[in-house]
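Input: a single structure, listed below in C-alpha coordinates.
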Amino acid sequence: MTRIDKDKVAISVQGVCKGFLLPHQRTTTLKTTIIKPFSRKKKWNEDKLVLKDISFDIHKGEFLGVVGRNGSGKSTLLKIMAGVYTADKGRVDINGSLAPFIELGVGFNPELSGRDNIFLNASLLGFNRDEIEAIYEDILDFSELEEYIDQKLKNYSSGMQVRLAFSIAIQANSEILLLDEVLAVGDEAFRRKCIDYFESVKQSGKTVVLVTHDMTAVRQYCDRAIMIENGKIVKQGKPDIVAEEYSRSNLDSSKESIDKTNKKTKKLANKISDGTADILDVWTTDISGKKKNLFYPNEDILAHVKVKAKKDIESSSFGLVFVGADGKNIFATNSLVEKTRIGQLKKGKSMTITVSVNNIFNDGSYRISSSITSFNRSDIYCRVTNFHKFETGGWELKTGLAHPYNTISVRK
1113 MTRIDKDKVA ISVQGVCKGF LLPHQRTTTL KTTIIKPFSR KKKWNEDKLV
1163 LKDISFDIHK GEFLGVVGRN GSGKSTLLKI MAGVYTADKG RVDINGSLAP
1213 FIELGVGFNP ELSGRDNIFL NASLLGFNRD EIEAIYEDIL DFSELEEYID
1263 QKLKNYSSGM QVRLAFSIAI QANSEILLLD EVLAVGDEAF RRKCIDYFES
1313 VKQSGKTVVL VTHDMTAVRQ YCDRAIMIEN GKIVKQGKPD IVAEEYSRSN
1363 LDSSKESIDK TNKKTKKLAN KISDGTADIL DVWTTDISGK KKNLFYPNED
1413 ILAHVKVKAK KDIESSSFGL VFVGADGKNI FATNSLVEKT RIGQLKKGKS
1463 MTITVSVNNI FNDGSYRISS SITSFNRSDI YCRVTNFHKF ETGGWELKTG
1513 LAHPYNTISV RK
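Following this line, the structure appears as C-alpha coordinates:
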(Lines of atoms letter the chains of each structure in order from A and count residues from 1; the text may use other names and numbers.)
(Lines give C-alpha, C1' and ligand atoms only; values in the text may rest on other atoms or scores of the structure.)
Protein backbone atom coordinates (compact mmCIF):
# COMPACT_ATOMS: atom_id res chain seq x y z
CA MET A 1 0.00 0.00 0.00
CA THR A 2 1.57 3.31 -1.11
CA ARG A 3 0.64 6.98 -1.16
CA ILE A 4 -0.23 8.99 -4.27
CA ASP A 5 -0.23 12.72 -4.98
CA LYS A 6 -2.97 12.93 -7.56
CA ASP A 7 -5.42 15.81 -7.07
CA LYS A 8 -8.62 13.89 -7.72
CA VAL A 9 -7.96 10.25 -6.82
CA ALA A 10 -8.22 9.08 -3.20
CA ILE A 11 -7.62 5.35 -3.82
CA SER A 12 -6.20 3.68 -6.90
CA VAL A 13 -6.43 -0.12 -7.21
CA GLN A 14 -4.47 -1.51 -10.16
CA GLY A 15 -4.20 -5.17 -11.21
CA VAL A 16 -4.67 -6.55 -7.69
CA CYS A 17 -4.53 -10.33 -7.26
CA LYS A 18 -4.68 -12.23 -3.98
CA GLY A 19 -4.61 -15.94 -3.19
CA PHE A 20 -4.71 -18.10 -0.08
CA LEU A 21 -3.47 -21.62 0.61
CA LEU A 22 -6.36 -23.84 1.67
CA PRO A 23 -5.29 -27.04 3.50
CA HIS A 24 -7.00 -30.30 2.48
CA GLN A 25 -6.82 -33.85 3.76
CA ARG A 26 -7.72 -36.87 1.69
CA THR A 27 -10.61 -38.86 3.12
CA THR A 28 -9.69 -42.36 4.30
CA THR A 29 -11.95 -45.09 2.91
CA LEU A 30 -12.67 -48.48 4.47
CA LYS A 31 -10.66 -50.12 1.67
CA THR A 32 -7.51 -48.05 2.28
CA THR A 33 -7.82 -48.57 6.03
CA ILE A 34 -7.80 -52.36 5.57
CA ILE A 35 -4.97 -52.38 3.00
CA LYS A 36 -2.80 -49.74 4.70
CA PRO A 37 -3.95 -49.51 8.31
CA PHE A 38 -0.97 -47.45 9.51
CA SER A 39 -0.55 -45.11 6.57
CA ARG A 40 -0.83 -41.38 7.21
CA LYS A 41 -3.62 -39.36 5.65
CA LYS A 42 -2.35 -37.45 2.65
CA LYS A 43 -2.45 -33.68 3.03
CA TRP A 44 -2.08 -30.99 0.39
CA ASN A 45 -2.68 -27.27 -0.04
CA GLU A 46 -4.89 -25.71 -2.68
CA ASP A 47 -3.90 -22.26 -3.94
CA LYS A 48 -7.24 -20.42 -4.01
CA LEU A 49 -7.20 -17.19 -6.01
CA VAL A 50 -9.63 -14.85 -4.23
CA LEU A 51 -9.05 -11.64 -6.23
CA LYS A 52 -8.26 -11.70 -9.95
CA ASP A 53 -6.84 -8.58 -11.60
CA ILE A 54 -9.01 -5.99 -9.82
CA SER A 55 -8.62 -2.41 -11.07
CA PHE A 56 -10.54 0.81 -10.34
CA ASP A 57 -10.06 4.36 -9.01
CA ILE A 58 -12.03 6.08 -6.25
CA HIS A 59 -12.20 9.86 -6.48
CA LYS A 60 -11.92 12.17 -3.50
CA GLY A 61 -15.31 12.70 -1.87
CA GLU A 62 -16.81 9.68 -3.61
CA PHE A 63 -19.01 7.17 -1.75
CA LEU A 64 -18.34 3.78 -3.37
CA GLY A 65 -20.38 0.64 -2.68
CA VAL A 66 -18.81 -2.81 -3.05
CA VAL A 67 -21.31 -5.68 -3.26
CA GLY A 68 -21.08 -9.42 -3.79
CA ARG A 69 -22.14 -12.71 -2.25
CA ASN A 70 -20.25 -14.26 0.65
CA GLY A 71 -16.87 -15.53 -0.56
CA SER A 72 -16.79 -13.26 -3.61
CA GLY A 73 -13.65 -11.46 -2.37
CA LYS A 74 -15.05 -8.07 -1.38
CA SER A 75 -13.87 -8.14 2.27
CA THR A 76 -10.42 -9.33 1.17
CA LEU A 77 -10.26 -6.35 -1.18
CA LEU A 78 -11.15 -4.00 1.67
CA LYS A 79 -8.43 -5.50 3.89
CA ILE A 80 -5.85 -5.01 1.15
CA MET A 81 -6.89 -1.35 0.94
CA ALA A 82 -6.51 -1.11 4.72
CA GLY A 83 -3.08 -2.73 4.68
CA VAL A 84 -4.21 -5.78 6.66
CA TYR A 85 -3.33 -8.02 3.69
CA THR A 86 -0.70 -7.53 1.02
CA ALA A 87 -1.61 -8.06 -2.62
CA ASP A 88 0.24 -10.89 -4.39
CA LYS A 89 0.22 -8.82 -7.59
CA GLY A 90 -0.74 -5.27 -8.43
CA ARG A 91 -0.82 -2.26 -6.14
CA VAL A 92 -3.11 -0.09 -4.03
CA ASP A 93 -2.22 3.62 -3.80
CA ILE A 94 -3.73 5.77 -1.05
CA ASN A 95 -3.98 9.58 -1.06
CA GLY A 96 -5.07 10.72 2.42
CA SER A 97 -5.44 9.52 6.01
CA LEU A 98 -7.39 6.29 6.30
CA ALA A 99 -9.64 4.75 8.99
CA PRO A 100 -10.72 1.12 8.48
CA PHE A 101 -13.99 -0.01 10.13
CA ILE A 102 -13.04 -3.68 9.75
CA GLU A 103 -13.46 -6.35 12.44
CA LEU A 104 -14.50 -3.76 15.02
CA GLY A 105 -13.22 -4.47 18.50
CA VAL A 106 -9.94 -6.11 17.49
CA GLY A 107 -7.51 -5.32 20.30
CA PHE A 108 -10.14 -5.27 23.04
CA ASN A 109 -9.13 -6.97 26.31
CA PRO A 110 -12.06 -8.88 27.88
CA GLU A 111 -10.47 -8.68 31.34
CA LEU A 112 -10.43 -4.88 31.31
CA SER A 113 -13.38 -2.57 31.90
CA GLY A 114 -15.17 -0.77 29.10
CA ARG A 115 -13.49 2.44 30.24
CA ASP A 116 -10.00 0.93 30.02
CA ASN A 117 -10.79 -0.57 26.63
CA ILE A 118 -11.74 2.87 25.31
CA PHE A 119 -8.23 4.10 26.12
CA LEU A 120 -6.67 0.88 24.79
CA ASN A 121 -8.57 0.78 21.50
CA ALA A 122 -8.32 4.49 20.84
CA SER A 123 -4.54 4.35 21.36
CA LEU A 124 -4.37 1.63 18.71
CA LEU A 125 -6.13 4.05 16.36
CA GLY A 126 -3.36 6.60 16.97
CA PHE A 127 -4.86 8.83 19.68
CA ASN A 128 -2.66 9.96 22.57
CA ARG A 129 -4.00 10.08 26.14
CA ASP A 130 -4.93 13.77 26.07
CA GLU A 131 -6.84 13.27 22.81
CA ILE A 132 -8.67 10.24 24.22
CA GLU A 133 -9.72 12.17 27.33
CA ALA A 134 -11.03 14.94 25.07
CA ILE A 135 -13.26 12.54 23.09
CA TYR A 136 -14.12 10.20 25.99
CA GLU A 137 -17.55 11.73 26.73
CA ASP A 138 -18.47 11.70 23.03
CA ILE A 139 -17.65 7.98 22.87
CA LEU A 140 -19.73 7.31 25.98
CA ASP A 141 -22.71 9.33 24.72
CA PHE A 142 -22.75 7.68 21.32
CA SER A 143 -22.39 4.13 22.68
CA GLU A 144 -25.10 4.64 25.35
CA LEU A 145 -23.09 2.33 27.65
CA GLU A 146 -22.43 4.69 30.55
CA GLU A 147 -24.24 2.37 32.98
CA TYR A 148 -21.90 -0.53 32.10
CA ILE A 149 -18.65 1.31 31.39
CA ASP A 150 -16.86 0.11 34.56
CA GLN A 151 -17.84 -3.54 34.07
CA LYS A 152 -15.36 -5.97 32.53
CA LEU A 153 -15.77 -6.30 28.80
CA LYS A 154 -16.24 -10.08 29.08
CA ASN A 155 -19.61 -9.35 30.71
CA TYR A 156 -20.78 -7.31 27.69
CA SER A 157 -22.97 -8.88 25.05
CA SER A 158 -21.45 -9.09 21.56
CA GLY A 159 -23.77 -6.27 20.48
CA MET A 160 -22.56 -4.03 23.32
CA GLN A 161 -18.93 -4.71 22.42
CA VAL A 162 -19.49 -3.77 18.79
CA ARG A 163 -21.35 -0.61 19.82
CA LEU A 164 -18.41 0.43 21.97
CA ALA A 165 -15.90 -0.33 19.22
CA PHE A 166 -17.95 1.57 16.64
CA SER A 167 -18.31 4.58 18.94
CA ILE A 168 -14.51 4.70 19.31
CA ALA A 169 -13.80 4.18 15.61
CA ILE A 170 -15.96 7.09 14.41
CA GLN A 171 -13.79 9.50 16.40
CA ALA A 172 -10.94 8.99 13.94
CA ASN A 173 -11.04 12.16 11.84
CA SER A 174 -9.75 10.53 8.66
CA GLU A 175 -10.21 11.57 5.05
CA ILE A 176 -10.95 8.01 3.86
CA LEU A 177 -13.27 5.53 5.61
CA LEU A 178 -13.38 1.79 4.84
CA LEU A 179 -16.63 0.25 6.10
CA ASP A 180 -17.33 -3.49 6.23
CA GLU A 181 -21.04 -4.18 6.99
CA VAL A 182 -21.04 -1.56 9.76
CA LEU A 183 -24.63 -0.53 9.02
CA ALA A 184 -25.74 -3.77 10.73
CA VAL A 185 -24.30 -2.70 14.10
CA GLY A 186 -26.46 -2.96 17.24
CA ASP A 187 -30.22 -2.71 17.72
CA GLU A 188 -32.67 -0.65 15.66
CA ALA A 189 -32.22 2.56 17.69
CA PHE A 190 -28.42 2.36 17.52
CA ARG A 191 -28.52 1.58 13.79
CA ARG A 192 -30.54 4.76 13.35
CA LYS A 193 -27.71 6.70 15.02
CA CYS A 194 -25.19 4.99 12.74
CA ILE A 195 -27.24 5.93 9.69
CA ASP A 196 -27.42 9.56 10.86
CA TYR A 197 -23.64 9.49 11.29
CA PHE A 198 -23.09 8.24 7.75
CA GLU A 199 -25.49 10.86 6.43
CA SER A 200 -23.20 13.47 7.99
CA VAL A 201 -20.13 11.69 6.58
CA LYS A 202 -21.62 11.82 3.09
CA GLN A 203 -22.35 15.54 3.47
CA SER A 204 -18.81 16.20 4.76
CA GLY A 205 -17.21 15.18 1.47
CA LYS A 206 -15.09 12.36 2.87
CA THR A 207 -14.17 9.40 0.70
CA VAL A 208 -16.04 6.24 1.74
CA VAL A 209 -15.83 2.61 0.63
CA LEU A 210 -18.81 0.58 1.87
CA VAL A 211 -18.87 -3.22 1.65
CA THR A 212 -22.44 -4.38 2.21
CA HIS A 213 -25.28 -6.78 1.37
CA ASP A 214 -27.83 -3.99 1.94
CA MET A 215 -28.96 -2.73 -1.46
CA THR A 216 -31.09 -0.01 0.14
CA ALA A 217 -27.90 1.45 1.65
CA VAL A 218 -26.15 1.22 -1.72
CA ARG A 219 -28.95 3.13 -3.42
CA GLN A 220 -29.27 5.67 -0.61
CA TYR A 221 -25.63 6.56 0.06
CA CYS A 222 -23.42 5.54 -2.84
CA ASP A 223 -22.40 7.64 -5.81
CA ARG A 224 -21.12 4.55 -7.63
CA ALA A 225 -20.98 0.80 -6.99
CA ILE A 226 -19.05 -2.26 -8.13
CA MET A 227 -20.12 -5.90 -7.95
CA ILE A 228 -17.55 -8.65 -7.37
CA GLU A 229 -18.21 -12.27 -8.26
CA ASN A 230 -15.63 -15.07 -8.03
CA GLY A 231 -12.87 -12.52 -7.46
CA LYS A 232 -13.65 -10.38 -10.51
CA ILE A 233 -15.53 -7.14 -11.08
CA VAL A 234 -18.59 -8.16 -13.11
CA LYS A 235 -20.57 -4.93 -12.90
CA GLN A 236 -19.84 -1.30 -12.07
CA GLY A 237 -21.63 1.99 -12.49
CA LYS A 238 -24.71 3.69 -11.08
CA PRO A 239 -25.87 2.28 -7.70
CA ASP A 240 -29.39 1.44 -8.94
CA ILE A 241 -28.05 -0.62 -11.85
CA VAL A 242 -25.50 -2.52 -9.75
CA ALA A 243 -27.98 -3.11 -6.92
CA GLU A 244 -30.55 -4.52 -9.34
CA GLU A 245 -27.94 -6.82 -10.92
CA TYR A 246 -26.87 -8.05 -7.47
CA SER A 247 -30.47 -8.74 -6.41
CA ARG A 248 -31.22 -10.66 -9.60
CA SER A 249 -27.97 -12.63 -9.37
CA ASN A 250 -28.74 -13.52 -5.78
CA LEU A 251 -32.22 -14.74 -6.64
CA ASP A 252 -31.14 -16.67 -9.72
CA SER A 253 -28.47 -18.51 -7.73
CA SER A 254 -31.08 -19.78 -5.28
CA LYS A 255 -33.44 -21.34 -7.86
CA GLU A 256 -31.90 -24.79 -7.65
CA SER A 257 -31.82 -24.78 -3.85
CA ILE A 258 -35.51 -23.81 -3.69
CA ASP A 259 -36.42 -26.68 -6.03
CA LYS A 260 -34.47 -29.14 -3.85
CA THR A 261 -36.13 -27.75 -0.73
CA ASN A 262 -39.59 -28.24 -2.23
CA LYS A 263 -38.84 -31.87 -3.14
CA LYS A 264 -37.73 -32.63 0.42
CA THR A 265 -40.62 -30.70 1.95
CA LYS A 266 -43.26 -32.58 -0.02
CA LYS A 267 -41.79 -35.95 0.97
CA LEU A 268 -41.94 -35.00 4.65
CA ALA A 269 -45.07 -32.86 4.41
CA ASN A 270 -47.29 -32.21 7.40
CA LYS A 271 -50.56 -33.51 5.96
CA ILE A 272 -53.80 -34.50 7.66
CA SER A 273 -56.78 -36.14 5.93
CA ASP A 274 -60.03 -37.77 6.98
CA GLY A 275 -59.98 -39.98 3.88
CA THR A 276 -62.41 -37.88 1.84
CA ALA A 277 -59.82 -36.11 -0.31
CA ASP A 278 -56.08 -35.77 -0.81
CA ILE A 279 -54.00 -32.75 -1.81
CA LEU A 280 -51.53 -34.24 -4.28
CA ASP A 281 -49.38 -31.22 -5.07
CA VAL A 282 -48.93 -27.47 -4.70
CA TRP A 283 -46.84 -25.39 -7.11
CA THR A 284 -46.42 -21.85 -8.38
CA THR A 285 -46.24 -20.43 -11.92
CA ASP A 286 -46.16 -17.11 -13.69
CA ILE A 287 -49.15 -15.88 -15.67
CA SER A 288 -48.09 -17.88 -18.74
CA GLY A 289 -48.20 -21.13 -16.76
CA LYS A 290 -44.43 -21.57 -16.55
CA LYS A 291 -43.37 -23.14 -13.24
CA LYS A 292 -41.23 -20.83 -11.14
CA ASN A 293 -40.43 -20.17 -7.49
CA LEU A 294 -38.89 -16.68 -7.72
CA PHE A 295 -41.06 -13.62 -8.28
CA TYR A 296 -40.19 -9.95 -8.83
CA PRO A 297 -42.18 -6.87 -7.74
CA ASN A 298 -45.78 -6.70 -8.99
CA GLU A 299 -45.41 -9.94 -10.95
CA ASP A 300 -48.49 -12.19 -10.78
CA ILE A 301 -48.05 -15.26 -8.57
CA LEU A 302 -50.28 -18.18 -9.53
CA ALA A 303 -50.54 -20.81 -6.80
CA HIS A 304 -51.98 -24.14 -7.96
CA VAL A 305 -53.35 -26.90 -5.72
CA LYS A 306 -54.19 -30.35 -7.12
CA VAL A 307 -56.91 -32.21 -5.21
CA LYS A 308 -58.05 -35.81 -5.69
CA ALA A 309 -61.34 -37.15 -4.31
CA LYS A 310 -61.19 -40.43 -2.37
CA LYS A 311 -64.97 -40.34 -1.92
CA ASP A 312 -67.76 -38.60 -3.79
CA ILE A 313 -67.79 -34.94 -2.75
CA GLU A 314 -71.04 -33.01 -3.23
CA SER A 315 -69.73 -29.60 -2.18
CA SER A 316 -66.59 -28.28 -0.56
CA SER A 317 -64.59 -25.21 0.36
CA PHE A 318 -60.99 -24.40 -0.43
CA GLY A 319 -58.49 -22.29 1.49
CA LEU A 320 -54.92 -21.12 0.91
CA VAL A 321 -52.38 -19.26 3.06
CA PHE A 322 -48.97 -17.71 2.39
CA VAL A 323 -46.77 -18.15 5.47
CA GLY A 324 -43.73 -15.94 6.13
CA ALA A 325 -40.31 -17.14 7.26
CA ASP A 326 -41.25 -16.25 10.85
CA GLY A 327 -44.29 -18.58 10.72
CA LYS A 328 -46.85 -15.78 10.57
CA ASN A 329 -49.64 -15.77 7.98
CA ILE A 330 -48.98 -13.05 5.40
CA PHE A 331 -51.92 -13.63 3.06
CA ALA A 332 -55.01 -15.83 3.22
CA THR A 333 -58.03 -16.48 1.06
CA ASN A 334 -60.81 -19.06 0.70
CA SER A 335 -63.56 -19.91 -1.73
CA LEU A 336 -66.35 -18.80 0.64
CA VAL A 337 -64.98 -15.27 1.00
CA GLU A 338 -64.31 -15.04 -2.73
CA LYS A 339 -67.75 -16.55 -3.48
CA THR A 340 -66.24 -19.20 -5.75
CA ARG A 341 -68.14 -22.47 -6.07
CA ILE A 342 -65.88 -25.55 -6.01
CA GLY A 343 -68.61 -27.91 -7.20
CA GLN A 344 -68.90 -31.70 -7.12
CA LEU A 345 -66.00 -34.09 -7.45
CA LYS A 346 -66.52 -37.81 -8.02
CA LYS A 347 -64.41 -40.46 -6.32
CA GLY A 348 -61.08 -40.97 -8.12
CA LYS A 349 -61.33 -37.70 -10.04
CA SER A 350 -58.95 -34.76 -9.64
CA MET A 351 -59.17 -31.00 -10.00
CA THR A 352 -56.69 -28.14 -9.86
CA ILE A 353 -57.62 -24.95 -8.01
CA THR A 354 -55.66 -21.80 -8.84
CA VAL A 355 -55.25 -18.63 -6.80
CA SER A 356 -53.83 -15.61 -8.60
CA VAL A 357 -52.33 -12.79 -6.53
CA ASN A 358 -50.17 -9.81 -7.43
CA ASN A 359 -46.74 -9.91 -5.80
CA ILE A 360 -46.73 -7.03 -3.35
CA PHE A 361 -44.85 -9.10 -0.75
CA ASN A 362 -41.49 -7.83 0.47
CA ASP A 363 -38.25 -9.68 -0.32
CA GLY A 364 -38.19 -13.01 1.48
CA SER A 365 -39.13 -16.69 1.59
CA TYR A 366 -42.74 -17.85 1.81
CA ARG A 367 -44.47 -21.22 2.11
CA ILE A 368 -47.94 -22.24 1.03
CA SER A 369 -50.43 -24.07 3.23
CA SER A 370 -53.77 -25.21 1.82
CA SER A 371 -56.92 -27.10 2.74
CA ILE A 372 -60.02 -28.67 1.23
CA THR A 373 -62.97 -28.88 3.62
CA SER A 374 -66.72 -29.37 3.80
CA PHE A 375 -68.74 -26.44 2.47
CA ASN A 376 -69.25 -24.90 5.93
CA ARG A 377 -65.57 -25.68 6.81
CA SER A 378 -66.58 -27.82 9.80
CA ASP A 379 -64.87 -30.97 8.46
CA ILE A 380 -61.30 -30.99 7.14
CA TYR A 381 -61.03 -33.34 4.17
CA CYS A 382 -57.31 -32.64 3.72
CA ARG A 383 -54.87 -30.01 4.87
CA VAL A 384 -51.17 -29.51 4.08
CA THR A 385 -48.92 -27.13 6.01
CA ASN A 386 -45.89 -25.31 4.55
CA PHE A 387 -46.12 -27.57 1.51
CA HIS A 388 -44.47 -25.38 -1.14
CA LYS A 389 -41.77 -22.68 -0.93
CA PHE A 390 -41.32 -19.63 -3.14
CA GLU A 391 -39.31 -16.42 -2.85
CA THR A 392 -39.73 -12.78 -3.78
CA GLY A 393 -37.04 -10.19 -4.42
CA GLY A 394 -36.12 -6.96 -6.11
CA TRP A 395 -37.94 -4.42 -3.97
CA GLU A 396 -35.94 -1.23 -3.43
CA LEU A 397 -37.57 -0.57 -0.03
CA LYS A 398 -37.03 -3.53 2.32
CA THR A 399 -39.09 -2.23 5.26
CA GLY A 400 -42.51 -3.70 6.02
CA LEU A 401 -44.29 -6.89 4.98
CA ALA A 402 -45.81 -5.74 1.71
CA HIS A 403 -45.90 -2.97 -0.87
CA PRO A 404 -49.54 -2.23 -1.80
CA TYR A 405 -50.05 0.40 -4.48
CA ASN A 406 -49.96 3.87 -2.96
CA THR A 407 -49.52 7.50 -3.90
CA ILE A 408 -48.08 10.47 -2.04
CA SER A 409 -49.49 13.96 -2.56
CA VAL A 410 -48.57 17.32 -1.09
CA ARG A 411 -50.85 20.32 -0.63
CA LYS A 412 -49.66 23.63 0.78
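Heads up, the sequence shown is in our numbering, so the first residue is 1113 and it goes up one at a time. Where is the CB? At the ideal position from N, CA and C, for every residue including glycine.
For Q1126, the secondary structure class from DSSP, reduced to helix, strand or coil, is strand.
Judged by DSSP secondary structure, A1389 falls within the beta strand (DSSP E) whose first and last residues are 1389 to 1397.
Taking all protein chains in view, the Cβ of Q1273 is crowded by 16 or more other Cβ atoms within 10 Å, so the residue is classified as buried. By the 16-neighbour rule on beta-carbons within 10 angstroms, N1405 is buried. When secondary structure is reduced to three states using DSSP, S1167 falls in the strand class. Rounded to whole angstroms, S1167 and L1161 show a C-alpha spacing of 16 Å. Secondary structure within the segment 1200 to 1242: the alpha helix (DSSP H) runs of 4 or more consecutive residues, fully enclosed, are 1226 to 1236 (chain order).
Here F1132 is exposed. Its C-beta has fewer than 16 other C-beta atoms within 10 Å. Excluding the 5 residues flanking it on each side, T1388 has same chain C-beta neighbours closer than 7 Å at K1422, K1423, I1425, Y1493, in chain order.
Three or more Cβ pairs closer than 8 Å define a contact, and the segment 1261 to 1277 falls short of that threshold against the segment 1310 to 1322. In this model, A1514 and L1289 are separated by some 35 Å (Cα to Cα). Shortest Cα-Cα distance from I1391 to any of G1460, N1410, N1362, K1451 involves G1460. Y1408 sits in coil when the DSSP states are folded into three classes, being neither helix nor strand.
Cβ-Cβ distances below 7 Å link S1255 to R1275, L1276, S1279 in the same chain, with the five nearest sequence neighbours on each side left out; the list follows chain order. Its Cα nearest to that of I1413, the residue I1472 stands out among V1449, E1357, I1472, T1445.
For S1235, there are no CB contacts under 6 Å within the same chain when 5 residues up- and downstream are skipped. Assignment of K1314 by DSSP, reduced to helix, strand and coil, places it in the helix class. Contact annotation: S1124 and D1205 have beta-carbon atoms nearer than 8 Å.
With a contact defined as Cβ atoms closer than 8 Å, K1420 and S1462 qualify at about 4 Å. Checking the DSSP bridge columns, you'll see L1265 has no partner listed. Between F1487 and T1464, the alpha-carbon positions lie close to 17 Å from each other.
According to the DSSP assignment, R1523 belongs to no beta strand (DSSP E), since it is labelled neither H nor E.
Rounded to whole angstroms, V1321 and V1179 show a C-alpha spacing of 11 Å.
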